[in-house]
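Q: Residue numbers are given in UniProt numbering: position 86 of the sequence shown equals residue 86, and the series is strictly consecutive.
Here a beta-carbon is modelled for each residue, glycine too, at the ideal position from N, C-alpha and C.
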Amino acid sequence: MTTPAATNASPGDPGEPGEPGGPGDPGDPGDVVRLVAVRDAALSVDEVLAALDHPAAGGVDLFIGRVRDHDGGQEVGALDYTAHPGALAALHEVCAEVAAEFDVKALAVVHRTGALAVGDLAVVLGTAAAHRGTAFDATRALIDRLKARVPIWKHQKYADGSDSWVGTP
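1. Expressed to the nearest angstrom, what Euclidean distance is found between the alpha-carbon atoms of Arg112 and Asp80?
2. Once DSSP output is grouped into helix, strand and coil, what is the label at His92?
3. Using only the alpha-carbon positions, how far apart do Gly21 and Ala108 sit?
4. Kindly indicate the opening and closing residues of the beta strand (DSSP E) around Gly65.
5. Measure the alpha-carbon distance for Ala115 versus Trp165 and round it to whole angstroms.
6. On the three-pair Cβ rule with 8 Å, is the stretch 87-104 touching the stretch 32-40?
7. Take Asp61 as the anchor and find which of Tyr158, Gly133, Leu146, Lys147 has the nearest alpha-carbon.
8. Could you have a look at Val76 and say whether DSSP puts it in helix, strand or coil?
9. To which residues does DSSP link Thr113 through a beta bridge?
10. With distances taken from CA atoms, which of Val150, Ala56, Ile143 is nearest Phe63?
11. Terminal residues of the continuous alpha helix (DSSP H) containing Val45?
12. Rank Leu146, His155, Asp160, Ser162 by C-alpha distance to the C-alpha of Gly86 and give the top, closest one.
13. Going by beta carbon distance, what residues of the same chain come within less than 8 Å of His70, once the five residues before and after it are set aside?
And the structure:
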């Protein structure tokens, strides 16, 4: 499931997402949540970094989660991420909380679903704030809350032919 730049805009706001003057316009300093997506396609660090651009941001913190080659002492060959139909709504909720709690100027997050190989990007997210400390803290809160509350599950496939589900209820 993929969404365009999704924001905290309310119905009736001018423009379409990403259009000048519309929700998601990087020139609109009032729009903090710039990009929220769950995608079955390769992720772009540049897309997230561009969404975090804000003239008042002196600190930008970016987190990149990649598929590693091991977990729990086992060699990982590949994995699949599966998202619950409510994952995007849960991700929006987490983003709104972080935006309200921290003095950030911009926030963006994209999570991958589908089949991933070792080294592939699984999640790219970040925040921009006036100062680095706020950006660091907000980014940490964003990834921690995403991992704890957004229903996206990992099916790991190990080199020995075994597999396991991670993060399932």
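A: Reading it off the structure:
1. When rounded, the separation of the alpha-carbon atoms in Arg112 and Asp80 is 9 Å.
2. Correct three-state label for His92: helix.
3. Model confidence at Gly21 stands at a pLDDT of 40, short of 50, so the residue's coordinates are unreliable and nothing is read from them.
4. Its beta strand (DSSP E) spans residues 59-66.
5. Inter-residue distance for Ala115 and Trp165 is about 14 Å (C-alpha atoms, whole angstroms).
6. At 8 Å Cβ cutoff, the stretches touch.
7. Measuring C-alpha to C-alpha distances from Asp61 to each of Tyr158, Gly133, Leu146, Lys147 identifies Gly133 as the nearest.
8. Correct three-state label for Val76: strand.
9. Under the DSSP definition of a beta bridge, Thr113 lacks any partner.
10. Selected option, being the one with the closest Cα: Ile143.
11. Unbroken alpha helix (DSSP H) run through Val45: 45-51.
12. When C-alpha distances from Gly86 are compared across Leu146, His155, Asp160, Ser162, the shortest belongs to Leu146.
13. Excluding sequence neighbours, His70 sits near Val76.
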